[in-house]
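Single-structure report; data block below.
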Amino acid sequence: MRVPDSVKYILDALHSHGYEAYVVGGCVRDALLGKEPQDWDITTAALPEEVKKIFPVTIDTGIEHGTVTVRLNKENFEVTTFRTDGKYTDHRRPEEVTFTRTLEEDLLRRDFTINAMAWSAEEHQGVIDLYGGQQDLAAGIIRCVGNPFERFEEDALRILRAFRFAAQLDFVIEEKTCEAIRAHRDDLHYISAERIQMEMTKILTSPHPEIIREMYELGVTGVILPEFDPMMVTEQNNPHHYLSVGEHTIKAVQNIEPVPVLRWTMLIHDMGKPVIHQVTEEGKDRFKGHAAKSAEYAHEIMNRMKMDNATRRAVEKLVRAHDDRMPAEARPVRRAINRIGADLFEDYCKVRRADIMAQSDYRRDEKISNLEGIEALYRKIMDEQQCVTLADLAVTGRDLISAGVPRGPQIGEILGEMLSWVLDDPSLNDKELLMNQWRENEGKR
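Numbering (our numbering), first residue to last: 36 to 480.
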């Protein structure tokens with residue numbers, strides 16, 4: 036296994052002082068899969084104060100849990116003492132940790148077999164695999180170390196980590212581990228919203244976000260994202276669809292690039308359909324106004340999961356706009372850019388395309404042709420720097436005040452009216468033309 040020189044230096048330094056030392060966990064897993072590890076974690080028999088004596092620059096990042104960060108060549112490496120965990124009382128963290136001098140005990144406390152392997156540069160050691168991690172890697176299996184019911188009882192976040200690793204690696208979750216997930220799914224109530232959001236974002240932006248189907252089947256979405264479940268049992272009996280709302284949603288998520296804003300948008304875009312579902316006299320399913328209702332869900336979910344403000348606002352706006360349709364003509368496209376936002380319009384087009392491609396093939400060519408025309412017009416409007424926002428308008432509030440308009444809401448009303456003229460005809464975006472038009476209109480009122 037290829038290990039960076041800095042990591043080898045740390046291992047050798049610990050070994051030279053008489054301590055066992057190994058790289059451990061995800062870096063071993065990734066290296067065995069032929070991937071470049073993002074982080075190299077080191078575990079050792081040396082106690083934290085012993086580690087600090089060996090290396091000149093260290094940071095006490097988690098010393099109460101045995102972790103010292105070694106600073107070497109402007110890089111940080113976490114070095115953690117072998118430990119066993121005490122009793123878990125909150126389904127997340129142990130009340131205490133106990134340092135141990137044996138690697139075996141340290142590996143036993145880890146979550147999955149593929150994350151419970153270590154590697155040493157010392158002769159005759161190499162990969163230390165006590166729980167079948169290499170076998171599970173080869174078979175593509177996510178399996179808990181030891182008793183899965185105990186692992187999830189200890190830390191419920193491991194439930195979401197199981198789905199995340201399965202989605203990232205295209206692995207399957209082993210049967211007993213699935214049983215334990217079902218049994219302990221309600222313990223996810225103990226996990227902070229931020230941690231749930233972080234894991235869900237990693238799942239959604241993975242190569243296999245469709246794992247959310249299995250999360251639904253095992254009852255996990257019912258705990259952390261209950262708004263998702265009704266979609267899976269809501270059919271769409273109309274020419275534009277051939278899948279249930281839930282299956283259409285999963286396909287739409289798969290259809291879009293793995294960017295958090297886009298994947299969250301596709302997950303939520305039709306979430307309002309089950310609650311506004313109607314059946315026409317012809318027996319067709321109808322979901323009028325679902326985009327606005329879905330945007331309400333986006334607002335609630337993004338806030339509940341403590342999403343950052345930029346992502347929250349973008350997702351909510353894209354969900355609200357995802358069903359906006361317009362002819363591929365300059366005037367309505369300019370107005371749509373103004374309404375949706377020039378910074379989000381390209382994403383809006385991606386969302387529309389992902390949605391269309393998850394629908395039936397009924398009029399699909401027509402829909403895609405229309406969208407391509409809209410995209411071409413958007414690029415042209417942007418390339419020509421046509422006015423689509425108040426910031427682009429040739430007249431400012433200061434100009435109106437200079438013309439005698441009193442400060443107050445009237446300023447905004449006049450600028451809004453001028454922008455409307457320019458959205459209809461970009462050639463009017465000239466200060467003199469706009470002021471003359473305004474004065475002429477004022478004279479007629």
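By construction, the Cβ of each residue, glycine as well, lies at the ideal position given by its N, Cα and C atoms.
Being a predicted model, the structure only gives us computed values, none of them experimental.
Thinking just about the alpha-carbon of each residue, which of the options is nearest to the one in residue i?
i: VAL440; options: VAL58, MET266 and MET470; result: MET470
i: THR148; options: THR137, ASP359 and GLN169; result: GLN169
i: MET31; options: ALA371, MET342 and PRO362; result: In the structure as shown, the chain starts at 36 and stops at 480, and residue 31 therefore has no counterpart that could be examined.
i: GLY167; options: GLY161, ALA156, GLU157 and CYS179; result: CYS179
i: VAL132; options: GLU185, THR102 and ASN182; result: THR102
i: VAL430; options: TRP473, VAL92 and ALA48; result: TRP473
i: ALA411; options: ILE391, ALA365 and GLN421; result: ALA365
i: ASN373; options: ASP65, LYS402 and LEU458; result: LEU458
i: HIS52; options: PRO72, SER41, VAL86 and ASP40; result: VAL86
i: PRO261; options: LYS211, GLY307 and ILE391; result: GLY307
i: ILE449; options: LYS415, LEU428 and HIS243; result: LEU428
i: PRO362; options: GLU407, ARG321 and HIS219; result: GLU407
i: LEU253; options: LEU454, HIS243, GLU209 and MET152; result: GLU209
i: ALA228; options: GLU214, LEU192 and GLU245; result: LEU192
i: ILE231; options: ARG199, ASP205 and THR212; result: ARG199
i: PHE112; options: ASP146, ASP359, VAL58 and GLU84; result: VAL58
i: GLN420; options: SER462, TRP456 and ASP400; result: SER462
i: GLY175; options: ASP400, LEU67 and GLY478; result: LEU67
i: ASP359; options: ALA197, CYS384, PHE90 and GLY443; result: CYS384
i: ASP146; options: GLY60, LEU82, ARG399 and MET337; result: GLY60
i: GLU55; options: GLN73, GLU335, ARG136 and ASP95; result: ARG136
i: ASN108; options: ARG399, VAL92 and GLN445; result: VAL92
i: THR116; options: PRO83, ILE194, VAL38 and ASP205; result: PRO83
i: ASP382; options: GLU351, LEU278, GLU316 and ARG399; result: GLU351
Is the beta carbon of residue j closer than 8 Å to that of residue i?
i: HIS275; j: TYR413; result: no
i: ALA310; j: LYS328; result: One detail in the question is off: residue 310 reads as Val in this sequence, not Ala. Going by C-beta atoms, VAL310 is nearer than 8 Å to LYS328.
i: ALA389; j: ASN290; result: yes
i: ARG64; j: LEU172; result: yes
i: HIS224; j: VAL258; result: yes
i: VAL354; j: ALA330; result: yes
i: THR212; j: ALA197; result: yes
i: ALA333; j: ILE285; result: no
i: LEU138; j: ILE89; result: no
i: GLN271; j: ASP221; result: no
i: ILE403; j: ILE391; result: yes
i: GLY181; j: LEU143; result: yes
i: MET267; j: TYR251; result: yes
Quick check on residue i: does DSSP put it in helix, strand or coil?
i: SER41; result: helix
i: PHE112; result: strand
i: ARG442; result: coil
i: ASP305; result: coil
i: GLN169; result: helix
i: SER61; result: Per the sequence presented here, residue 61 reads as Gly, with Ser not at that position. In this structure, GLY61 counts as helix in the three-state DSSP scheme.
i: VAL506; result: Not covered by the structure: residue 506. The range shown for the chain is 36 to 480.
i: CYS179; result: strand
i: ASP221; result: helix
i: VAL92; result: coil
i: THR236; result: helix
i: TRP154; result: strand
i: LEU253; result: coil
i: GLY101; result: coil
i: ASP505; result: No statement about residue 505 is possible, as the shown extent of the chain runs from 36 to 480 and does not include it.
i: ALA56; result: strand
i: GLY161; result: strand
i: PHE263; result: coil
i: ARG398; result: coil
i: PHE117; result: coil
i: PHE134; result: strand
i: GLN73; result: coil
i: GLN421; result: coil
i: LEU143; result: helix
i: ARG106; result: strand
i: ILE226; result: coil
i: GLN472; result: helix
i: VAL310; result: helix
i: SER315; result: In the sequence as displayed, the identity of residue 315 is Thr instead of Ser. Note: THR315 maps to coil in three-state DSSP.
What distance in whole Å lies between the Cβ atoms of residue j and residue i, which are believed to be in contact at a cut-off of 8 Å?
i: VAL280; j: ASP264; result: About 11 Å separates the two Cβ atoms, so there is no contact after all.
i: THR269; j: HIS325; result: Not really, about 11 Å apart at Cβ, beyond 8 Å.
i: PRO295; j: THR346; result: 6 Å
i: ALA377; j: VAL423; result: 6 Å
i: ALA215; j: PRO183; result: 4 Å
i: ASP141; j: ARG118; result: 6 Å
i: THR300; j: HIS243; result: With a Cβ gap of about 19 Å, THR300 and HIS243 do not count as contacting.
For the ligand MN, is there a heavy atom less than 7 Å away from the beta-carbon of residue i?
i: ARG118; result: Looking for the ligand MN in the displayed structure turns up nothing, as the structure carries no ligands at all.
Could you tell me whether the Cβ of residue i comes closer than 8 Å to any Cβ of chain C?
i: ASP465; result: No chain C is part of this structure, which consists of one protein chain only.
Is it a yes or a no for the region 151-164 touching the region 187-200, going by three-plus beta-carbon pairs under 8 Å? no
Is the region 45-56 touching the region 69-83 in the sense that three or more CB pairs, one from each, lie closer than 8 Å? yes
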